[in-house]
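Position in the sequence shown (from 1) plus 233 gives the number in this note's numbering. Here a beta-carbon is modelled for each residue, glycine too, at the ideal position from N, C-alpha and C.
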Amino acid sequence: MADKSFLSWPFFEARHRELAEQLNTWCAQHLTGHGDDLDAECRKLVKQLGSAGFLKLSVADAKHRPDVRSLAIARETLAYHSALADFAFAMQGLGSGAISLFGTVEQKREWLPKVASGEAIAAFAMTEPDCGSDAANIASSAMRDGNEWVIVGEKTYISNGGIADFYLTFARTGEGEGARGLSAFIVPANAAGLSVAERIEVVAPHPLARLTYDQVRIPADAIIGEPGEGFRIGMETLNLFRVTVGAAALGFSRRALDEALNFARNRRHGSGTLVDNAVTQEKLADMALANDASALLIYRAAWQQDVGSADNRRAAAMAKLYATEAAQQVIDAAVQMHGGAGVTKGVKVESLYRDIRALRIYEGASEVQRQIIARDLLKGKRP
Ligand SMILES: Cc1cc2nc3c(=O)[nH]c(=O)nc-3n(C[C@H](O)[C@H](O)[C@H](O)COP(=O)(O)OP(=O)(O)OC[C@H]3O[C@@H](n4cnc5c(N)ncnc54)[C@H](O)[C@@H]3O)c2cc1C
C-alpha cells in the first residue's frame, strides 16, 4: 500500500482525501490485469473510468477549470496500480484541455460531457515529424475556405492515435511568424482525409500513431479561441497538466519502493534478509527521500495552480522535472535490488522500468523544463 501520509499536508481538503481513498479502492477492485489487445483495453478503461465518475475530474464544469490537486491524486493512484489506466485517464484531460480552458459554450456542451462519461476518447495532436520540443515551428497548415477550415499536414507520436474520437489539432494559420501564427482545432476522427498512417510501438505500449491530414475539412466554428492563439492555448493546456505527469511518475516510484521493500524483506541473504544489509537500507532511505521530495514539489505546484497563483509555470516545471527524473532513479534502484528478478518479464519493477522512461520526454522534455525554470529565474521571478 502506497504511503498516503501526504494527504494530511495543508495543500489538501477533505474532498481530496476522499478521492484518494475512493479511487484506491476502485483500482484494487478493477485493475487486476489487462488483456493483450491494447486498443480494446484502453477503450474499456476509458469507459470504466467514465462510468465510475472519475473522468469528470479531467474536464471543466460550468464554473471551474479542472482541479489540479484532484488530477494529480488521481494520476498518482492510477499509476501506482496500472500505467495503462493512468494513460487512459490522463489523455481524456490533455486531449480535451483546450476545450475546457478556452472552448465556447457550444464546444464545451458538445464535447466535455462525452469525454467525462467515456463516450468520446480524446487526443492531443501537436508533435510533427520535424518538430517536437520546438512547437512554435509547427508546419501543418489550416486555410480558411468559406465556412470551413482545410487542414493539411502530418502529426506523429499522437497518443490515442487510432482509437480517439477527436484530435485537438494545432496548425499554422499564418497570422504571424512562428508561435504567433498557430491555431487550435477540434478535428473529429471521422473527418474525411484524416487517417492513421502508422501505428508506433514504444517501450511501454499504448495506442500511439502518426496521422496524416489530407485536405481535412472542418467547420469554421471548430477553431478554439481566435486565429493566432493556438500556441498560447497549447502551452497553457500543457502547463495545466504538466504537474500531473510528475504525479504519475510519483505513482510509479512509490510502487517501486513498495516492491523493493517487499522483495528485500523476503530475500534471504546469509543468516538474515536483504533489508538487514546497511547498503540496502541506505538505498531504501534515498528512495523514500526522493518520493517525499517529489510529492512536496508536485502538490505545492498543484495547489498553486488551484488557488490561481500567477507564477505557477516554474513550480510546475520543477515538479515535472524532479519527479520524473527522481522516479527513474528510484525505479532503477528497485530493479537493481531485485537482482535477476528485476529484469524478468512479468515482475512489476521490470514494467515500471519501461513505464517511466517516456515521461522524461513528453509534454516537455527535462531539458525544456530546465529552460522554463532558468528563464523564470533570470527574469527575477519567485516561484
Ligand atoms: C510515448 C509518447 C507519447 C507521446 N504523446 C504525444 C501526444 O499525445 N501528443 C503530442 O503532440 N506529442 C506526443 N508525444 C511527442 C512528445 O511530446 C515529443 O516526443 C517531445 O515533445 C520531444 O519532441 P521530439 O521527440 O521531436 O524530440 P526533439 O524535440 O527533437 O528533442 C530531442 C531531444 O533533444 C533535447 N532537447 C529538446 N529541446 C531542447 C532544448 N531546448 N535544450 C536542450 N535540449 C533539448 C531533449 O533531450 C529531447 O529529448 C509523445 C511522445 C512519446 C514518446
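Query, Result
"Any non-hydrogen atom of ligand 1 closer than 8 angstroms to C275 Cβ", "no"
"Contact test: L327 Cβ vs ligand 1 heavy atom, cutoff 8 angstroms", "yes"
"Close beta carbons around V563, own chain, < 7 angstroms, minus the five adjacent residues each side", "S486, A489, L490, M520, A523, N524"
"For E459 and R475, the rounded distance between their alpha carbons", "24 angstroms"
"Best match in E515, G407, E596 for proximity to G365 [C-alpha to C-alpha]", "E596"
"Pairwise C-alpha distance: A556 and A442", "27 angstroms"
"E246 classed as buried or exposed, judged by whether at least 16 other C-beta atoms fall within 10 angstroms", "exposed"
"Which listed residue (E274, C260, D294, R308) has its alpha carbon closest to that of A285", "C260"
"Spatially closest choice to F287 from L311, A273, I594, by CA coordinates", "L311"
"Classification of W344 by the beta-carbon crowding that lies within 10 angstroms, buried from 16 upward", "buried"
"DSSP bridge partner residues for C364 (one or two, in chain order)", "E361"
"L554 versus A430: straight-line alpha-carbon distance, rounded", "32 angstroms"
"Classification of T402 by the beta-carbon crowding that lies within 10 angstroms, buried from 16 upward", "buried"
"Delimiting residues of the beta strand (DSSP E) encompassing P452", "441–452"
"Environment of E352 [buried if 16+ CB atoms lie within 10 Å]", "exposed"
"Terminal residues of the alpha helix (DSSP H) in which V563 lies", "546–570"
"C260: CB within 8 angstroms of a non-hydrogen atom of ligand 1", "no"
"Buried versus exposed call for P346 [16 or more other C-beta atoms within 10 Å across all chains shown]", "exposed"
"Counted within 10 angstroms of its Cβ, other Cβ atoms place T337 as buried (16 or more) or exposed", "exposed"
"Straight-line Cα distance separating T389 from R308", "24 angstroms"
"Beta-carbon spacing of V385, S392 below 9 angstroms", "no"
"N-terminal and C-terminal residue of the beta strand (DSSP E) that A532 is part of", "Here residue 532 is Tyr; the residue named in the question, Ala, does not match the sequence. Run containing Y532: none in the beta strand (DSSP E); it sits in the alpha helix (DSSP H), 511–539."
"CA nearest to the CA of M570, picked from T506, Q537, L304, A305", "T506"
"Own chain partners of H249 with C-beta closer than 7 angstroms, once the 5 adjacent residues on each side are dropped", "L240, R302, S303, I306"
"Proximity test, Q561 beta-carbon vs ligand 1 heavy atom, cut-off 8 angstroms", "no"
"Euclidean distance between Cα positions of M376 and I354", "26 angstroms"
"Beta bridge counterpart(s) of M376 as assigned by DSSP", "V383"
"Any non-hydrogen atom of ligand 1 within 8 angstroms of E596 CB", "yes"
"Counted within 10 angstroms of its Cβ, other Cβ atoms place H502 as buried (16 or more) or exposed", "exposed"
"Contact test: K553 Cβ vs ligand 1 heavy atom, cutoff 8 angstroms", "no"
"Straight-line gap, T577 to G395 (C-alpha atoms, nearest Å)", "30 angstroms"
"I606 (DSSP reduced to helix, strand or coil)", "helix"
"Heavy atom of ligand 1 within 8 angstroms of Y390 beta-carbon", "yes"
"Inter-stretch contact at 8 angstroms, needing at least 3 Cβ pairs: the region 312–330 / the region 260–279", "yes"
"Terminal residues of the beta strand (DSSP E) in which L401 lies", "399–405"
"Identity of the residues DSSP links to I456 by a beta bridge", "F418"
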